[in-house]
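**Student:**
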Amino acid sequence: MNSDVVRILDGNMFVVSAGNGDFEPSPSFPTGLFTLDIRHLSTWVLTVDGKRLSALSMDQPRYFEAKFVLVPGEPTLYVDSDVSIIRRRDITRSMCESLTVLNHGIDPVDLVVRVEVGCDFADLFEVKNAEPKKGERSTRIEDGRLCHHVRWDTFQRSTVISASTPAEIDEHGFTFRVHVEPDGSWGTDLHVETIGPNGRDVRTNLQGQAGRSKPQVRNELQDWLDLAPQLISENDLLELTYQRSLVDLAALRFRPLTSGAARAQADDQYRLPAAGLPWFMTIFGRDSILTSLQALPFAPQLANATLRLLAATQAVALDNFRDAEPGKILHEFRYGLTAASGEQPHTPYYGTADATTLFVVLLDEYARWTGDTALVQNLEHQTRAALAWIDEYGDVLGNGYIGYQRRNERTGLENQCWKDSPDAISYRDGRIPDVPRSTCELQGYAYDAKLRGARLARTVWDDPAYADRLERSADELKRRFNRDFWVADGSYFAIALAADGSQVDALSSNIGHLLWSGIVDADKADAVAGHLMGPRLFSGWGIRTLAEHEARYNPIGYHTGTVWPFDNSFIAWGLRRYGYRQEAARVGAGILDAANFFRGRLPEAFAGYDRQLTGYPVEYPTACSPQAWSTGAPLLLLRVMLGLQPQDGDLAVDPELPSEFGRLELRNLPGSWGRKDLTFEVG
């Protein structure tokens, strides 16, 4: 994305435009107004007397609104226009745009103000893959409104645009003939409604209530911020990053429509984060779980919402098209035309090998932090089903390890771990292993899930026999894992085992997740930490996804050498778990330093170039931003560096902070202990 791209969002409705507020279809990026995976506006271009407008300034007071100050014509060295235009946009009730034309001259002016409109109703997958667009489209003018419509079988969407002042309306837009006196102004409001099959706004259908007004959305944001702990630091950039993380998490929250049970639970109190703008503005099991883990000390309500929703949509039967198996937690849920037509399996799709174990991890961590054992009781059946899935279906090769092989050979995902690009899992020499394959971090998650499930069984469900079985199974998994995945000639763990049991021996960041899960034997931890902090993996900003000198290493490869902030946050947590306090703080400091170059908003990924080479983190060219688990990364890193850990109903604190943090206060930290204020002195 270019730096002049403007993004506003509210849950899974978003607008991506140029710096002057215009947008037209782009061959490489999803510009336009999207909601529930459909582009309801593909063209929205403002002209005055046939001239495009140039931006003098752009401001985004909040994530759901933007203001543009514009002048007609191309930008020049000197701006001396008699006319300027103020363009205000928000997406609190669908999309609203307010236009104000100002006459700064000494004479009256007569102007032709034109808004060019186009609606292609492209599915997000059609945009991403440059595919032909499905459905029958029609346009009509009715009761002073411009109405666009698409229909494919039972799938229907409409875009209805109206203006608050008289206009000449044609199939391609609105024309206003305007007279403005000297020092005068003219204005109009344009309203864009995104309509579903029953004639109501699609987000009203989703939420079961009318759209929210701008004051309501402002109040929601303020309520969200008021609930979160307050961070006060001598380091202004740390404060900025913390605040930006909280605001971006608020922006990404939405109420997904998945089933009657889930909808009943997904009320105002239970909204979970969409994965990331622009491609992933929907529920992703893995992303929502990991983001909720990152944010748990600061916004535990996200974990509550995520657990309830994922439990309500847990698979109960085999479904090859959706890669569903009993007990499995969903990967992705989509609402667009490709999902409705059956071209894509995302209604929902279960093709992930890690969300099911991570669901158990989140439930236990949530209970330990909040003391909410009622939720653990309510989700006992779903949690047992998730734990049963590990051995009954997750072990695809029958070798005692979680692996993956898609059931849906046509449109299912081949790589079903978090590094899901085709070249992400490789041998040292660059060869790609056949599937099924078992990546190392999946085994760590399974080990952790079994131990945490055992704790819940013993302390909440009163089933010590079940707890004993889970613990024995976890111990055996750890023993075999440290034997089978250990690359003896490199002193690190293989990224995966291939279908034939051979080690896929590339050195990768995955080994850091093993520390987080606790599956690494103590006598191997020093070597793992040494690799993570060594020059092949650690760039100075963070830990690369793949080590330098591996055959497929590429500093701008999506999963083959870039630095992912979320990845680093869990690696830091793992380093801290094994006692590598300074190393964890070094990772945290590097990622937070990088955040300063992105105005506090960490992107999905940035390049793996050495810090000494570039002097600044180079953003990955198509990175999502904001992205949920990158937004959550500073929160988890802060927890790690402060040494915050729930312990027997109280909070243990053991800080290891960089000297540049200075004095730091964290006020109103929630947990089973109520609320606590913490103060830290560094240096």
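First residue of the sequence shown: 5, per my numbering; consecutive thereafter.
We put the CB at the ideal spot given by N, CA and C, even for glycine.
Everything numeric in this text was worked out from a predicted model, so none of it was measured.
Ignore the nearest five residues each way along the sequence and tell me which others in residue 636's own chain have a CB closer than 6 Å to its CB.
**Tutor:** 295, 298, 299
**Student:** Bridge partners for residue 229 per DSSP, in chain order?
**Tutor:** Answer is none; residue 229 lacks a bridge partner.
**Student:** Taking residue 576 as part of the alpha helix (DSSP H), name the residues at either end of that continuous run.
**Tutor:** 569–581
**Student:** Are the CB atoms of residue 179 and residue 45 nearer to each other than 9 Å?
**Tutor:** Cβ atoms of residue 179 and residue 45: not closer than 9 Å.
**Student:** Within 8 Å, do at least three Cβ pairs link the stretch 279–290 to the stretch 194–206?
**Tutor:** With the cut-off at 8 Å, the stretch 194–206 and the stretch 279–290 do not touch.
**Student:** Might you give, ordered along the chain, the residues of its own chain that have their beta carbon closer than 7 Å to the beta carbon of residue 422, omitting 5 neighbours on each side?
**Tutor:** 290, 358
**Student:** Pick from 24, 51, 50, 18: whose alpha carbon is nearest that of residue 41?
**Tutor:** 18
**Student:** Applying the 10 Å Cβ sphere with the 16-neighbour rule, what's the burial state of residue 671?
**Tutor:** Residue 671 comes out exposed.
**Student:** Can you tell me whether residue 98 is buried or exposed? The criterion is at least 16 other CB atoms within 10 Å of its CB, across all chains shown.
**Tutor:** buried
**Student:** Where does residue 4 sit, in a helix, a strand or coil, going by DSSP?
**Tutor:** The shown model of the chain, from 5 to 687, leaves out residue 4, and the question about it has no answer.
**Student:** Select from 333, 258, 12 the residue whose C-alpha is nearest the C-alpha of residue 224.
**Tutor:** Of the candidates 333, 258, 12, the one whose C-alpha sits nearest the C-alpha of residue 224 is 258.
**Student:** Could you check if residue 177 is buried or exposed, using at least 16 other CB atoms within 10 Å of its CB as the buried criterion?
**Tutor:** buried
**Student:** Look at residue 524 and residue 497 and say whether their C-beta atoms are less than 9 Å apart.
**Tutor:** yes
**Student:** In this structure, does DSSP put residue 84 in helix, strand or coil?
**Tutor:** coil
**Student:** For the alpha helix (DSSP H) that contains residue 586, what are its first and last residues?
**Tutor:** 585–600
**Student:** In angstroms, rounded to a whole number, what distance separates the CA positions of residue 450 and residue 406?
**Tutor:** 8 Å
**Student:** I'd like to know whether the C-beta atoms of residue 341 and residue 38 end up nearer to each other than 9 Å.
**Tutor:** no
**Student:** Alpha carbon to alpha carbon, how far is residue 244 from residue 448?
**Tutor:** 34 Å
**Student:** Could you name the residues of the same chain whose beta carbon sits closer than 6 Å to that of residue 600, not counting the 5 residues immediately before and after it, in chain order?
**Tutor:** 241
**Student:** Taking the C-alpha atoms as reference points, what is the distance between residue 22 and residue 9?
**Tutor:** 5 Å
**Student:** How should residue 24 be labelled, buried or exposed, when 16 other C-beta atoms within 10 angstroms of its C-beta is the threshold for buried?
**Tutor:** buried
**Student:** Can you list, in chain order, the residues of its chain whose CB lies under 6 Å from that of residue 631, leaving out five sequence neighbours each side?
**Tutor:** 280, 608
**Student:** Which one or two residues does DSSP pair with residue 152 in a beta bridge?
**Tutor:** 143, 163
**Student:** Taking a contact to mean a Cβ-Cβ separation below 9 Å, would you say residue 458 touches residue 475 in this structure?
**Tutor:** yes
**Student:** Within 10 angstroms of the Cβ of residue 344, are there 16 or more other Cβ atoms? Answer buried if so, exposed if not.
**Tutor:** Answer is buried; the Cβ neighbour count reaches 16.
**Student:** If we count the other Cβ atoms within 10 Å of its Cβ and call it buried at 16 or more, is residue 127 buried or exposed?
**Tutor:** Under this definition residue 127 is a buried residue.
**Student:** Assuming the contact rule is C-beta atoms closer than 8 Å, residue 26 and residue 50 should be a hit. Round their C-beta distance to whole Å, please.
**Tutor:** 6 Å
**Student:** Just list the residues that DSSP pairs residue 297 with in beta bridges.
**Tutor:** Its beta-bridge partners do not exist; DSSP assigns none.
**Student:** Looking at residue 594: is its Cβ nearer than 9 Å to the Cβ of residue 546?
**Tutor:** yes
**Student:** Does the Cβ-Cβ distance between residue 313 and residue 260 come in under 9 Å?
**Tutor:** yes
**Student:** Check whether the Cβ of residue 143 lies closer than 9 Å to any Cβ atom in chain B.
**Tutor:** The structure shown contains no chain B; it is built from a single protein chain.
**Student:** Determine, using beta-carbon pairs with one atom in the stretch 512–524 and one in the stretch 576–584, whether at least three such pairs fall under 8 Å.
**Tutor:** yes
**Student:** Out of 319, 482, 685, which has the shortest C-alpha to C-alpha gap to residue 526?
**Tutor:** 482
**Student:** Answer yes or no: do residue 416 and residue 355 have a C-beta to C-beta separation smaller than 9 Å?
**Tutor:** yes
**Student:** To which residues of the same chain is residue 172 closer than 6 Å at the C-beta, ignoring the five residues directly before and after it?
**Tutor:** The answer, listed in chain order, is 179.
**Student:** With burial defined as no fewer than 16 other Cβ atoms inside 10 Å of the residue's Cβ, what is the status of residue 617: buried or exposed?
**Tutor:** Residue 617 is exposed by the Cβ-count criterion.
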